[in-house]
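UniProt numbering applies: residue 1 is where the sequence shown begins, and numbers increase by one.
Each residue gets a CB set at the ideal place from its N, CA and C atoms; glycine is no exception.
Predicted model, so just to flag it, every value in this text is computed and none were measured.
Written below as structure tokens is the structure these notes are about.
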Amino acid sequence: MNRVVFLCRLEELPDGQSRGFDPLKTGRDTVLVVRQGRDLHAWRDDCPHQPGAAMAWRKDAYLNRDGSRIVCHAHGARFDIATGVCTLGPCQGQALTRVPLLISTDHVYAVLSGAD
Ligand code: FES
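Structure below.
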């Protein structure tokens with residue numbers, strides 16, 4: 001059964017930046033969101049190279065220097081922001097797991113499956 005969990009207001013996601021969330025109150029961020037203009041891309045903070053490995057090197061730091069890729073800072077894997085596919089690094093060709101989002105007015109919600 002899916003759960004819809006509030007993440008934040010849209011204005012709290014600056015264009016070109018990433019942010020981590022702990023929607024299930026596990027004590028660590030398990031969902032990351034990247035905003036690119038009008039588009040939001042949400043992924044599980046769970047690197048396919050080593051499942052369970054946290055990807056950010058500090059709170060909300062999921063992107064490379066120019067903001068063009070998601071980076072797993074454990075071993076440097078780079079992921080396409082829109083597709084989640086690893087384009088460089090030890091898990092090249094594998095992909096992050098997408099988290100569906102719902103946006104209602106200016107509120108952003110994650111749709112979490114029963115497995116999350
Ligand atoms: S755990 Fe992500 S690149 Fe190794």
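Going by the beta-carbon positions, is the gap between residue i and residue j smaller than 8 Å?
i, j, result
"T30", "D15", "no"
"A56", "G93", "no"
"L101", "R3", "no"
Taking the alpha-carbon of residue i as reference, which of the options has the nearest alpha-carbon?
i, options, result
"V85", "A95, C91, A77, G52", "A95"
"E11", "R28, T87, G37, D60", "G37"
"D106", "V4, D60, R9", "R9"
"W43", "V71, D66, T26", "V71"
Is any heavy atom of the ligand FES found at a distance shorter than 7 Å from the C-beta of residue i?
i, result
"S56", "As written in the sequence, residue 56 is Ala, which differs from the Ser given in the question. It does not: the Cβ of A56 is nowhere closer than 7 Å to a heavy atom of the ligand FES."
"G20", "no"
"A53", "yes"
"C8", "no"
"G93", "no"
"G37", "no"
Run the CB neighbour count on residue i, radius 10 Å, all protein chains shown included, and call it buried at 16 or more, exposed below.
i, result
"P48", "buried"
"I103", "exposed"
"V99", "buried"
"L7", "buried"
"H75", "exposed"
Does residue i come out as helix, strand or coil in the three-state DSSP assignment?
i, result
"L10", "helix"
"S68", "coil"
"V99", "coil"
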